[in-house]
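Working notes, structure below.
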Amino acid sequence: MVNQEDGLITIQLPKQIQPQIITTIAQLEALVEELKKHTDADFPVAWDTETDSLDPLVANLVGIGCAWGQEPNQVAYIPLKHHQGEQLSLGIIKDLLGEILGNAIYPKVLQNAKFDRRVLAHHGIELGGVVLDTMLASYVLQPEETHNLTDLCRRYNLGLVALSYKDLGLKKTRPLLIYPWKQRGNIAD
1 MVNQEDGLIT IQLPKQIQPQ IITTIAQLEA LVEELKKHTD ADFPVAWDTE
51 TDSLDPLVAN LVGIGCAWGQ EPNQVAYIPL KHHQGEQLSL GIIKDLLGEI
101 LGNAIYPKVL QNAKFDRRVL AHHGIELGGV VLDTMLASYV LQPEETHNLT
151 DLCRRYNLGL VALSYKDLGL KKTRPLLIYP WKQRGNIAD
């Protein structure tokens with residue numbers, strides 16, 4: 001819906017997100033087919049990488065998440081390097097998801113895109129078509145504020161509550177990859 005005062009598009013976001021956990025080639029192929037439908041730069045797909053380090057040049061790619069719509073299940077998490085649970089290999093991800101991630105025809109929004117771009121490049125995956133970095137946008141608008149996703153959700157009253165490690169009974173001091181991917185699908189950094 002378009003707000004008459006400022007002309008901005010207002011989107012009703014879901015309160016309870018239900019991520020699809022992608023663990024089979026068939027699920028990944030279906031996800032890729034869905035993501036190929038999203039070529040409108042006004043409605044980019046949101047992406048995030050999960051790693052075991054804050055140094056993108058040594059970090060292992062633990063998982064990849066994406067969100068593409070307003071429905072609670074239009075969110076997916078692809079576990080890659082967790083210590084338990086069925087997972088796809090990096091080679092399969094490159095083969096099937098690489099076309100989407102690397103192609104500028106598929107617009108993307110990320111939080112701290114520089115980090116994600118470097119992590120993906122370190123693993124041989126190109127990232128193209130980034131139309132918005134929410135961290136940079138936040139900094140430009142309010143440089144004196146914090147810029148993590150949890151704070152942005154609160155600041156802009158998005159009605160979303162990001163679960164923390166503590167909320168899920170997890171210890172942030174332990175590497176993310178040791179937790180089952182079913183728990184990882186709900187953590188916000």
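Position 110 of the sequence shown, counted from 1, bears residue number 110 in the working numbering, the numbering being contiguous throughout.
For every residue, glycine included, the Cβ atom is placed at its ideal position computed from N, Cα and C.
Keep in mind it's a predicted model, so treat the numbers as computed, not measured.
Contact between G102 and L136 fails: their C-beta atoms lie close to 21 Å from each other, not under 8 Å. DSSP places L120 within a helical segment (H, G or I) once states are collapsed to three. DSSP places T150 in the uninterrupted alpha helix (DSSP H) bounded by 149 to 155.
Of the residues Q27, G124, A76, the one whose Cα lies closest to the Cα of P56 is G124. In the three-state scheme derived from DSSP, where H, G and I count as helix and E and B as strand, V140 is classed as helix. Two segments are said to touch when three or more pairs of C-beta atoms, one from each, lie closer than 8 Å; by this definition the stretch 139 to 148 does not touch the stretch 75 to 91.
If you check the CB distance, A113 and D133 come in under 7 Å. At the C-beta level, I17 and P72 come within 7 Å of one another.
The straight-line gap separating the alpha-carbon atoms of D42 and G91 is approximately 31 Å.
By alpha-carbon distance to G129, the top candidate from T150, H83, L152, G98 is G98. Selection T146, I93, E145 evaluated against L120 yields I93 as nearest (Cα-Cα). Per the coordinates, the alpha-carbon of A46 lies some 14 Å from the alpha-carbon of L31. In this structure, T39 sits near I105, with a CB-CB distance shorter than 7 Å. For D42, there is no enclosing alpha helix (DSSP H), as DSSP gives it neither H nor E.
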